[in-house]
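In the numbering used here, the protein residues as written are 1 to 425.
Input: a single structure, listed below in structure tokens.
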Amino acid sequence: MSLPSEAFAYADGVLTTSGVDLRAVAEAHGTPTWVYSGERVDAAYRSITEAMAQASGGSETLIAYAIKANGNQALLKRLAALGCGADIVSGGELLRALRAGIPAERIVYSGVGKSRAELRLALEKGIRAVHVESESELRLLGEVAADLGTTATIALRVNPNVDAETHPYIATGLHSTKFGLELDVAERLVPEIVGDDRFHLDGVSCHIGSQLGSVDPLREAVTLLAQFALQCRELGAPIRSLDVGGGWPLTYGNEKAPYPADAAFGAAIAEGLEAAGARDFDLITEPGRALVGDAGALLTSVLAIKDQGGKRFVILDGAMTELIRPSLYQAYHAIVPVVAPEGPTRETDLVGPVCESGDFFARSRPFPEVREGDLVAVLGAGAYGREMASSYNARPRAAEVLCEAGSASLVRRRGDVESLWAGED
């Protein structure tokens with residue numbers, strides 16, 4: 001049975017990852033449980049690192065992992081050991097990254113709404129750069145820097161008005177979105193920043209969206225970003241870094257055409273720089289799902305099977321509370337029995353037990369016959385699963401297990417029911 005995953009495969013008729021039988025994971029830790037492959041994370045990091053090295057032409061590169069994709073400490077520590085930095089969007093993510101051993105000087109801070117306390121924390125910790133996304137943020141950051149008697153190292157996040165041709169919820173490079181500064185606004189701010197000793201303008205950044213199906217929008221955005229960086233230098237700004245954002249895609253299994261390879265993304269970045277005549281900048285990129293998405297699966301059990309309204313429902317113990325992407329984005333995930341199936345398939349709705357009709361993993365999907373108690377895995381779920389999880393319907397958080405070289409380690413305990421009302425009167 002062919003799977004759209006480099007991390008999960010059938011061995012002797014049983015689904016495995018990193019040499020671990022998923023039946024053993026379920027027996028030891030129950031379900032629903034997140035399962036990750038450490039080797040797959042390593043391989044994804046190496047692939048993007050190699051692509052960025054080709055793009056940079058010898059300049060420094062930084063892979064700043066978008067922690068919002070999956071902030072499990074075991075994964076962060078693994079990436080930190082590989083030399084990975086972090087792209088954060090909150091004070092909590094900053095502390096999470098530091099706790100995992102990611103050096104402050106390898107952390108960049110994105111996001112349209114940073115509080116005074118969060119900006120103060122970022123300056124106190126000495127991160128590489130705060131990515132400024134509005135004039136009001138710049139004013140607030142200046143006040144915080146003055147209060148601390150320090151200079152804030154910043155990058156201007158610009159909005160290049162480039163269509164990423166992706167799902168509208170994850171498209172971030174058009175003027176109709178809330179992200180970044182329009183180029184003319186950013187250009188107007190540069191002389192003010194250069195003349196203000198509260199700031200050190202170290203870089204410019206953009207992020208046009210996730211799941212880029214073509215390298216053309218990225219190439220266009222990089223050209224515009226590099227041209228703006230050169231303009232900033234002409235205005236006296238000591239621009240060192242270009243942050244080209246994320247967008248590195250993950251194959252989920254329902255694509256009409258294959259996504260470009262990492263090497264093609266690296267080549268597009270190089271071509272964009274060449275078109276602008278800019279080859280002496282350090283490069284930063286912010287992959288998230290491309291590093292951890294394929295490495296993870298949600299392991300579930302079949303609770304019940306019912307035929308109703310001319311449809312077959314397979315009710316799993318995992319739900320939208322663990323993986324909301326299908327409900328929120330109508331996202332596709334490959335879903336397979338842990339024991340390799342035999343025989344025909346039937347059109348099936350794979351759903352959870354949450355009291356919402358929108359609680360589903362797949363609708364009208366051809367799926368083999370299963371029985372109550374059978375194990376089912378939702379693949380490609382390592383990114384934006386646990387991070388978007390909730391305790392809706394008073395459901396405790398799922399356990400998390402990291403697999404490597406034939407062994408499995410619990411890296412997050414299952415939540416208990418008492419945690420659901422902890423802190424309440």
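The beta carbon of each residue, even a glycine, is placed where N, CA and C say it ideally should be.
Quick one: which unbroken alpha helix (DSSP H) runs of 4-plus residues sit fully inside the stretch 270-295? Chain order, please. If we require 4 residues or more, the alpha helix (DSSP H) runs fully inside the stretch 270-295 come out as 289-292.
Kindly indicate the opening and closing residues of the beta strand (DSSP E) around H207. Unbroken run through H207: none, as it is neither H nor E.
Spell out the partners DSSP gives N159 in its beta bridges. DSSP lists E182 as partners of N159.
At which residues does the alpha helix (DSSP H) containing D147 begin and terminate? Note, D147: alpha helix (DSSP H), 135-148.
Around the Cβ of G13, are there at least 16 other Cβ atoms within 10 angstroms (buried) or fewer (exposed)? Under this definition G13 is an exposed residue.
Looking at G19 and A405, is the spacing between their C-beta atoms short of 8 Å? Less than 8 Å divides the Cβ of A405 from the Cβ of G19.
Terminal residues of the beta strand (DSSP E) in which G92 lies: Boundaries around G92 are those of the alpha helix (DSSP H), 91-99, since no beta strand (DSSP E) includes it.
With 16 other CB atoms within 10 Å as the buried threshold, where does C84 fall? Taking all protein chains shown into account, C84 has 16 or more neighbouring C-beta atoms within 10 Å of its C-beta and is therefore buried.
Indicate the three-state DSSP secondary structure (helix, strand or coil) for Y329 in the structure shown. It is helical.
Tell me the rounded alpha-carbon separation between L303 and A319. Separation of L303 and A319 (C-alpha to C-alpha, rounded to the nearest whole angstrom) is 12 Å.
Suppose you measure from the CA of L410 to the CA of L22; what does that come to, to the nearest Å? Going by the C-alpha atoms only, they are around 13 Å apart.
Integer Cβ distance of A122 from Y109, believed to fall under 8 Å: For A122 against Y109, the beta-carbon gap comes to about 5 Å, under 8 Å, which counts as contact.
What three-state label does DSSP hand Y36 in the structure shown? Shown here, Y36 sits in a strand according to DSSP, grouped into three states.
For the beta strand (DSSP E) containing L350, list its first residue and its last residue. Note, L350: beta strand (DSSP E), 345-351.
So, L379 versus A290, is the Cβ gap smaller than 8 Å? L379 is not a Cβ neighbour of A290, given a cutoff of 8 Å.
Are the stretch 381-393 and the stretch 301-315 touching by the rule of at least three beta carbon pairs closer than 8 Å? Judged by Cβ distances under 8 Å, the stretch 381-393 makes no contact with the stretch 301-315, as fewer than three pairs qualify.
Cα-Cα separation, P217 to E271: About 12 Å.
In whole angstroms, what is the alpha-carbon distance linking H207 and V370? Straight-line Cα distance between these residues: approximately 43 Å.
Paired residues, beta bridge with G85 - DSSP: In the DSSP assignment, G85 forms a beta bridge with A64.
Just the C-alpha distance for F8 and L141, rounded to the nearest angstrom, thanks. Whole-angstrom Cα-Cα distance: 45 Å.
So for C232, helix, strand or coil by DSSP? In the structure shown, C232 sits in a helix (DSSP, three-state: H, G or I).
Can you name, in chain order, every residue of its own chain whose Cβ lies under 6 Å from the Cβ of F367, other than the five neighbours on each side? Correct list, in chain order: T345, T348.
Could you give the distance in angstroms between the alpha-carbon of A26 and the alpha-carbon of G415? A straight line joining the alpha-carbon of A26 with that of G415 spans about 16 Å.
Backbone secondary structure at E424 - three-state DSSP: Note: E424 maps to coil in three-state DSSP.
Tell me the DSSP secondary structure of A405 in three-state form. In the structure shown, A405 sits in coil (DSSP, three-state: anything other than H, G, I, E or B).
Measure the beta-carbon distance from L375 to A362 and round it to whole angstroms, keeping in mind my assumption that it falls under 8 Å. Cβ-Cβ separation between L375 and A362: approximately 16 Å, too far for a contact (criterion under 8 Å).
Going by DSSP in three states, S56 sits in which element: helix, strand or coil? In this structure, DSSP gives S56 a helical state, which the three-state scheme calls helix.
Where DSSP assigns a beta bridge to H200, which residues make up the other side? DSSP, once it has assigned bridges, lists T153 as partnering H200.
Would you kindly work out how many angstroms separate the C-alpha atoms of V314 and T33, rounded to a whole number? Looking at the two C-alpha atoms, the distance is approximately 18 Å.
Alpha-carbon spacing of I239 relative to L201, whole angstroms: Distance between the alpha carbons of I239 and L201: 6 Å.
Under the three-state DSSP convention, the category P217 falls into: Note: P217 maps to helix in three-state DSSP.
Rounded straight-line distance, which links the Cα of S301 to that of E372: Rounded to the nearest whole angstrom, the CA to CA distance from E372 to S301 is 8 Å.
Spatial distance of V132 from V354 (CA atoms): Cα-Cα distance, rounded: 40 Å.
Between the C-alpha atoms of D243 and D262, what's the straight-line distance to the nearest angstrom? Between the C-alpha atoms of D243 and D262 there is a straight-line separation of about 17 Å.
Alpha-carbon to alpha-carbon, N159 and A408: If you take the alpha carbons of A408 and N159, they lie about 43 Å apart.
So V112 is in the alpha helix (DSSP H); what residue range does that whole segment cover? Taken as a continuous stretch (DSSP letters only), V112 belongs to no alpha helix (DSSP H), as it is neither H nor E.
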